[in-house]
Amino acid sequence: MKISKAVSRVTDKTSSKSPGKLPASCAVMILAAGQGKRMRSALPKVLHEIGGQPLLFHILNRISETAPKAPVAIVVGHGKEQVEAAVLAQLDFSKMNITFVHQPEQRGTGHAARCAMDSPWGDAQVRAKNPVLVLPGDLPLIPGSLITQMVEPLGKGGGLRLLTCQLPDPKGYGRVVRRGKKGPVLRIVEEKDANAREKEIHEVAASIYFFHSPFLQASLHRLSDKNAQSEYYLTDLVANASRAKKKVDVLNWQSAEDLRGINDPWELAVAQKFLNERTVKAWAQKGVRFADPWSVQIDSQVELAEDVSIQSGVILHGKTRIRKGAIIGPRVVLKNVLVGEEAQLKVGTVAENSVIGAHAQLGPYAHLRPESEVGEYSKIGNFVELKKTKIGTSTSIAHLSYLGDAEVGSRVNIGCGFVTCNFDGRVIDGQRKHRTVIEDDVFLGSDCQAIAPIRIGKGAYVASGSTLTQSVEPDALAIARSRQVNKAGYASRLRGK
Amino acid sequence: MKISKAVSRVTDKTSSKSPGKLPASCAVMILAAGQGKRMRSALPKVLHEIGGQPLLFHILNRISETAPKAPVAIVVGHGKEQVEAAVLAQLDFSKMNITFVHQPEQRGTGHAARCAMDSPWGDAQVRAKNPVLVLPGDLPLIPGSLITQMVEPLGKGGGLRLLTCQLPDPKGYGRVVRRGKKGPVLRIVEEKDANAREKEIHEVAASIYFFHSPFLQASLHRLSDKNAQSEYYLTDLVANASRAKKKVDVLNWQSAEDLRGINDPWELAVAQKFLNERTVKAWAQKGVRFADPWSVQIDSQVELAEDVSIQSGVILHGKTRIRKGAIIGPRVVLKNVLVGEEAQLKVGTVAENSVIGAHAQLGPYAHLRPESEVGEYSKIGNFVELKKTKIGTSTSIAHLSYLGDAEVGSRVNIGCGFVTCNFDGRVIDGQRKHRTVIEDDVFLGSDCQAIAPIRIGKGAYVASGSTLTQSVEPDALAIARSRQVNKAGYASRLRGK
Amino acid sequence: MKISKAVSRVTDKTSSKSPGKLPASCAVMILAAGQGKRMRSALPKVLHEIGGQPLLFHILNRISETAPKAPVAIVVGHGKEQVEAAVLAQLDFSKMNITFVHQPEQRGTGHAARCAMDSPWGDAQVRAKNPVLVLPGDLPLIPGSLITQMVEPLGKGGGLRLLTCQLPDPKGYGRVVRRGKKGPVLRIVEEKDANAREKEIHEVAASIYFFHSPFLQASLHRLSDKNAQSEYYLTDLVANASRAKKKVDVLNWQSAEDLRGINDPWELAVAQKFLNERTVKAWAQKGVRFADPWSVQIDSQVELAEDVSIQSGVILHGKTRIRKGAIIGPRVVLKNVLVGEEAQLKVGTVAENSVIGAHAQLGPYAHLRPESEVGEYSKIGNFVELKKTKIGTSTSIAHLSYLGDAEVGSRVNIGCGFVTCNFDGRVIDGQRKHRTVIEDDVFLGSDCQAIAPIRIGKGAYVASGSTLTQSVEPDALAIARSRQVNKAGYASRLRGK
């Protein structure tokens, strides 16, 4: 048996290696069948999210970046249908070569890997002599460079490469047992099976392996479940290789943070915090100003331009994009929103699946429900709700209004308390809501209601307090309110004096 | 004099000892008379809150759990009436055996203890030979196991047991002076009275003692106030016991965090943070998912089910209960609210003393004032306020409305801008507000007002823009608005063109 | 050459020296011409803010406190006009003796200083033999005591005093090269010009110098730009002095935090956090209670009284003043607001340039736009917006209303949904908005609108649902709504059954 080669960690986490240096072909197996009992959740473990994406997606993203053409097997079990549906629904993964393999019962990582290697997918990898990278689905923080280094070709006679890490407190992890202190790796011993001396080893196996595929397939068949947990351990393949005089390569990773696994909601939150800080710091160094970086939450897929200012407590979800010079006020919450240049979103504004034009001003406490669009230089003020509503440019809806299923032109002024009455309680032909159209240059007084379907023509003027039941022609004045009567001295009577 | 026995700290903070192992009878004295000058507050120090409860209540909760039948004396002085009233108002303490003892002037801890021991309560303890546990009222983080260990029977000839702790920076604390390095305790010396050598001692007294009661009563009479602060120090009883050849037991506690005292608002905030992190982490490990555990505030008495998801900035006060699968959105603030299974509370929703049914949806920015109840599957949307209002199931109040003193049935649709006019400016027979009843299946258009008292019958329909002054019969249509008039070409004239 | 004198840092940061001990005259030069490329912002670097004030203002504040009469030169370049305008607009600096010097191109700190010393300002300092303190404009955290110590008179034959600091990781900073380990300073070497041995030096130059002015002026002319960056280094004056056998004084500062410079938005955020924590802790120790001190943001100029309670996520900007006993609820955002004693601001209330009277209650989610004033004991409830509106005492505006350009008396009750129609779409004589006056003791029902200009007389009563187009006399009842019609059985027809 040869001495294993300890590859030291690259300090630059973004690999300098071009994809061309990857092996012509390598396969990837992701173990995603576990229940995650300690999560105590109806959601399968790998679908829990950090940075706005399921744990599993983080791994798939790294694979997609570093080995986009690799045949990928995802071993599923608990919540099989949910996991498959989630992956298939994600357009980003549609160009990847993904196969789902079912592990009908959870009998350990070795059993999971065997399910994959015994499947047609496994046979294909063995036939093609594709080496196989095996990863758990719950290590969302691994960088692309780790994958690039793991899949470097195994030398002649090599059986596998093993990822290890030094931990100050290795408790609970499988220890790497070597011949002597720095000699070749002999085996991995799980915490529950370790003796006192082995428990003192600080080098632990990080659940990521790269296998010569024929060796992998053959060895899995020889695994035993005679151990403390009565499970088939993938880690036992290391001893297997060692005994068979196969070379056991080691990639020793220095940043334990990158290998943070997730077993309960606390660990999920810690990983979320770690990822979020990484994301926020990177944006800050690219020119985004944060009033309090530790108070914001920015999903991995969000994109921010330079000279954007983000106040405290902001939450940006999904594919939100924010353009140059925009100001995102305290506690704004956005999900899949495009914010134009120099737009200003004030305290507590909430928006989802919407577009906000350049120089627009929203809030405080404006609320854009999906499919809303606010034109450039328009103003949506406090306590205003839009839903499936498109607003032109330089229009003002400054206070306490609700517009649903509406189209509003440019230079329109909508007073306080306007309501589109888009629902009349009837559902006809599956259609529930009616449309309101307000053309350019309309002036709507305060406390008006428009009973849809309705059109208010260009330049029309609607008197305050009007309930509009019919359309208004361009340039007309519409009025629908009662005349005021003042009754002298009646107030004291009403007060019961 | 015998060698004192150093009891080492249990690592498991929840005591493994059953209450049966407690001494048949022991008494508890809590020193709660101090002004807390550095708090600079009108509120007595022990009534300042962390985790949603006054400092004093945390101590009483621990006593109630570990020694529920113990006779408890609370020594009160500053803000005496407030402290007594606060304790008496708390139902949780009504089964405890609590006596208040008045310390008329603040002349030190020894003087406070003497007030208690010279009172009928003290005489009773001496007569019954009940040993006495003495605790300060401002140590809110002590665990129950500390109390259990402190009140273990004192050996024969024992005068007292002393709680000590090692501090890296002991400055400001009373040092434990022993014979030699690890010999028996000779005395406690206060910072202000300590010499240079004594100041280098890292073992400090943590202000918690357990006394043989006749010894306590007798020794207190012999205390002197000839020291730097001209006060009677309780700590001097240690030297007293030592001189009298009484055994001085020591319980050395390893977690200094548990013994954190509070002297100014900064220390109060630090204790609050510490307690809050303890609470949040415990819930996370029990299956509650937190987007950012360091941003939320969860009172000690809150109860959460597994698979609950809590977004960033959430504040949960009082006896709030959240059932399985509920989603609590960012910045939601709840106080004494019951949230049903799978209910969803969106951004910034605020509720107090209310009940939210299973599968209900609230917010963003919904506001439930006390005595509100939202039925299952109902929806309370943005900028909607409820007060003393009960909503049935599958009812929708989606936008900008105020309902006060109302009862709303099931499957009701209330349009935007609805207002219950529950107050007419008159107070008759002490009654200010009138009730609104809206029966099942009503459809209320937008911008309606109901002048209470009023009843809108089952299945009725109210046209948008109506101000209802009288009740509506079931299945009737109510309308109270003016007809619309369009005046062609008038708009330009109004614009002053 | 004489041995340099190492002045050790004072532990008490607020200098114990009276201003009288400062040199009779000393000048200050602030280098504020840099672009701050890595900020990636349209704003000049020194105008970026922490603690609610531009970086440059923090320096000027310290100068103003410690050397208020010193002639100050601010060397400006990038964004010259913006920087000058910002300083001149600040009243606090109007009593200072500030001159702006233009550095037309950025050729290093030595070049910047030369621009100042070659200007009439520089000549004046040389003539007056004023020593010159040179500071960069982006070190906002330096304490006043640092300046006081830096400007202590230089001894005979002294050329300059140098501020240094020990850094565990000195990478990127200019190293202080001494003769031997602790001998006199020979020169400063920039990171880019340092050899391997020099890079191991942990004592760095902190960009703050105090110069004998004739030496400064003369030496700047002899600087060379033959170095890695082809710039004129101010640091080279140290070697210059050393070669000329001038004494090089050293002030070694122990708190590296105080010397934190800012080069990118991440460093800006870190400095903001540091300053904010310093501010918050100081207020907590003075009697302000914070539910979560790490979640709030308090600008440097804010003033808080004791017994004020500040909940989590509060943001206080500008010259906000909060009086004794006020309660500032979660997520309240205030800018230049005066809050009276015992006032209570509930969740998410937002206010700017406004005055809130003692015992007033606002929110949750109330919004005061500039020039609003709420009287004592008044209540502004949820989803209510005020703009340029003055409210008397004991008045209630509890729900969903907008008042703009209004004056409201005392003991007024305004129902839900009230709107001041202050804009009619016309701009006459530059005047856009009309005023609404509501006198004392008025009762306004719900959903009323007042079309301004309008006056509602003392004690008047307005029926719910009224749109007021004309003023109401005192004690009159105004009503402007349609009579209700109930059509039996029509509802089912409308539902399309």
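Residue numbers (the numbering used here), protein chains in the order written: chain P, 1 to 497; chain V, 1001 to 1497; chain Z, 2001 to 2497. A virtual CB, placed ideally from N, CA and C, is assigned to each residue, including glycine.
### Task
Closer than 8 Å, Cβ to Cβ, to anything on chain Z: give me those residues from the segment 1047-1063 of chain V, in chain order.
Correct list: His1048.
### Query
Which chain P residues sit within Cβ distance under 8 Å of glutamate 1306 (chain V)?
Arg40 and Ser41, listed in chain order.
### Task
Let me know if valine 485 (chain P) comes out buried or exposed under the rule of 16 or more other beta-carbons within 10 Å of its beta-carbon.
Exposed.
#### Entry: Runs of beta strand (DSSP E) wholly within the segment 258-345 of chain P (minimum 3 residues, chain order)
Every beta strand (DSSP E) of 3 residues or more that sits fully in the segment 258-345 of chain P is shown, in chain order, as 315-317 and 333-335.
### Query
What residues of chain Z sit near aspartate 447 (chain P), judged by a beta carbon separation below 9 Å?
Residues of chain Z whose Cβ lies closer than 9 Å to the Cβ of aspartate 447 (chain P) are, in chain order, Gly2417, Val2419, Cys2421, Asp2447, Cys2448, Gln2449 and Thr2467.
### Message
Quick test of your reading: asparagine 1227 (chain V) and aspartate 1193 (chain V), contact by CB under 8 Å. State the CB separation rounded to the nearest angstrom.
### Response
Between the beta-carbon of asparagine 1227 (chain V) and that of aspartate 1193 (chain V) there is about 5 Å, and that keeps the pair under the 8 Å contact cut.
### Task
Under 9 Å between beta-carbons, which chain V residues line up against aspartate 475 (chain P)? List them in chain order, please.
What aspartate 475 (chain P) touches in chain V: Ala1488, Gly1489, Tyr1490, Ala1491 and Ser1492.
### Contacts of aspartate 264 (chain P) in chain V (Cβ-Cβ under 8 Å)
Listed by position along chain V, the residues whose Cβ is nearer than 8 Å to that of aspartate 264 (chain P) are Ala1284, Gln1285 and Gly1287.
### Task
Name the two residues that bound the continuous beta strand (DSSP E) containing alanine 460 (chain P).
For alanine 460 (chain P), no beta strand (DSSP E) run applies, since DSSP gives it neither H nor E.
### Message
Rounding to the nearest angstrom, what Cα-Cα distance links glutamate 1084 (chain V) and leucine 1047 (chain V) in this structure?
### Response
Those two C-alpha atoms are separated by around 10 Å.
### Query
Under the rule that 16 or more other beta-carbon atoms within 10 Å means buried, what is asparagine 586 (chain P), buried or exposed?
Because chain P in this structure spans residues 1 to 497, residue 586 (chain P) falls outside the shown range and cannot be described.
### Query
Cα separation between glutamine 1082 (chain V) and alanine 1351 (chain V)?
Going by the C-alpha atoms only, they are around 28 Å apart.
#### Entry: Whole-angstrom distance between cysteine 1165 (chain V) and alanine 1256 (chain V), CA atom to CA atom
Their Cα atoms are separated by approximately 7 Å.
#### Entry: aspartate 1475 (chain V) versus V:Val1296, V:Val1355, V:Leu1400 and V:Asp1440, residue with shortest Cα-Cα distance
Measuring from the Cα of aspartate 1475 (chain V), the nearest candidate turns out to be V:Asp1440.
### Query
In three-state terms, what does DSSP make of lysine 182 (chain P)?
In the displayed model, lysine 182 (chain P) falls within coil according to three-state DSSP, outside both helix and strand.
### Cβ-based contacts, 9 Å cut-off: residues of the segment 1313-1341 of chain V near chain Z
The residues in question are Gly1313, Ile1315, Arg1331 and Val1333.
### Message
Looking only at its chain, what residues have a beta carbon closer than 7 Å to the beta carbon of methionine 2150 (chain Z), apart from the 5 residues adjacent to it on each side?
### Response
Listed in chain order, the non-local C-beta contacts of methionine 2150 (chain Z) below 7 Å within the same chain comprise Leu2133, Arg2161, Leu2163, Ile2208, Phe2210 and Leu2251, local neighbours out to five positions each way being set aside.
### Message
Quick check on leucine 1022 (chain V) - is its C-beta less than 7 Å from some C-beta in chain P?
### Response
The pLDDT assigned to leucine 1022 (chain V) is 47, lower than 50, so where the model puts this residue is not dependable; a value taken from the coordinates is nonetheless given after this. For leucine 1022 (chain V), no CB of chain P lies under 7 Å from its own CB, so it is not counted at the interface with that chain.
#### Entry: Distance, glutamate 303 (chain P) Cα to valine 442 (chain P) Cα
Using only the alpha carbons, I get a separation of about 36 Å.
### Message
Which residues does DSSP list as the beta-bridge partners of phenylalanine 1100 (chain V)?
### Response
Beta-bridge analysis with DSSP links phenylalanine 1100 (chain V) to V:Ile1074.
### Query
By how many angstroms is the C-alpha of glycine 34 (chain P) removed from the C-alpha of leucine 135 (chain P)?
Straight across, the Cα-Cα distance linking leucine 135 (chain P) with glycine 34 (chain P) is about 13 Å.
### Query
Cβ of valine 1347 (chain V) less than 7 Å from any chain P Cβ?
Cβ-Cβ to chain P under 7 Å: yes for valine 1347 (chain V).
### Query
Could one say the Cβ of glutamine 1484 (chain V) lies closer than 7 Å to chain P's Cβ atoms, at least one of them?
Output row for glutamine 1484 (chain V): interface = yes.
### Query
For the candidate residues V:Ile1438, V:Gly1417 and V:Tyr1402, whose alpha-carbon lies nearest to that of glycine 1445 (chain V)?
If we check each option's Cα against that of glycine 1445 (chain V), V:Gly1417 comes out closest.
### Query
Among Z:Trp2121, Z:Arg2455, Z:Phe2383 and Z:His2202, which has the Cα closest to the Cα of aspartate 2405 (chain Z)?
Closest option to aspartate 2405 (chain Z), judged by alpha-carbon separation, among Z:Trp2121, Z:Arg2455, Z:Phe2383 and Z:His2202: Z:Arg2455.
### Query
What residue from Z:Gln2272, Z:Val2185 and Z:Asp2123 has the CA that sits closest to alanine 2244 (chain Z)'s CA?
Of Z:Gln2272, Z:Val2185 and Z:Asp2123, the smallest CA-CA separation from alanine 2244 (chain Z) is found for Z:Val2185.
### Query
Got a sec: is the Cβ-Cβ distance from lysine 2013 (chain Z) to anything in chain V below 7 Å?
Bear in mind that the predicted position of lysine 2013 (chain Z) carries a pLDDT of just 35, short of 50, making it unreliable; the figure below should be weighed with that in mind. The Cβ of lysine 2013 (chain Z) sits no closer than 7 Å to any Cβ of chain V.
#### Entry: Alpha-carbon to alpha-carbon, glycine 1363 (chain V) and leucine 2056 (chain Z)
In this structure, the straight-line span from the alpha carbon of leucine 2056 (chain Z) to that of glycine 1363 (chain V) is close to 43 Å.
### Query
Whose CA, out of V:Ile1298, V:Lys1387 and V:Val1280, lies closest to the CA of tryptophan 266 (chain P)?
It is V:Val1280 whose Cα lies nearest to the Cα of tryptophan 266 (chain P).
### Query
Does the Cβ-Cβ distance between isoleucine 142 (chain P) and aspartate 258 (chain P) come in under 7 Å?
Contact: yes.
### Task
Using a cut-off of 8 Å between C-beta atoms, extract the partners of glycine 425 (chain P) located in chain Z.
Those are Leu2494 and Arg2495, listed as they occur along chain Z.
### Query
So what's lysine 1247 (chain V) in DSSP terms, helix, strand or just coil?
Assignment of lysine 1247 (chain V) by DSSP, reduced to helix, strand and coil, places it in the strand class.
### Message
Does glutamate 2198 (chain Z) come out as helix, strand or coil in the three-state DSSP assignment?
### Response
Looking at glutamate 2198 (chain Z) - three-state DSSP - the assignment turns out to be helix.
### Query
What residues match up with phenylalanine 2443 (chain Z) in a beta bridge as DSSP calls it?
DSSP output for phenylalanine 2443 (chain Z) lists Z:Asn2413 and Z:Tyr2461 as bridge partner(s).
### Query
To which residues does DSSP link methionine 29 (chain P) through a beta bridge?
Beta-bridge annotation (DSSP): methionine 29 (chain P) is paired with P:Ala73 and P:Val134.
### Query
Quick one: does isoleucine 188 (chain P) have its CB under 7 Å from some CB of chain V?
Chain V, which has no Cβ nearer than 7 Å to the Cβ of isoleucine 188 (chain P), makes this no.
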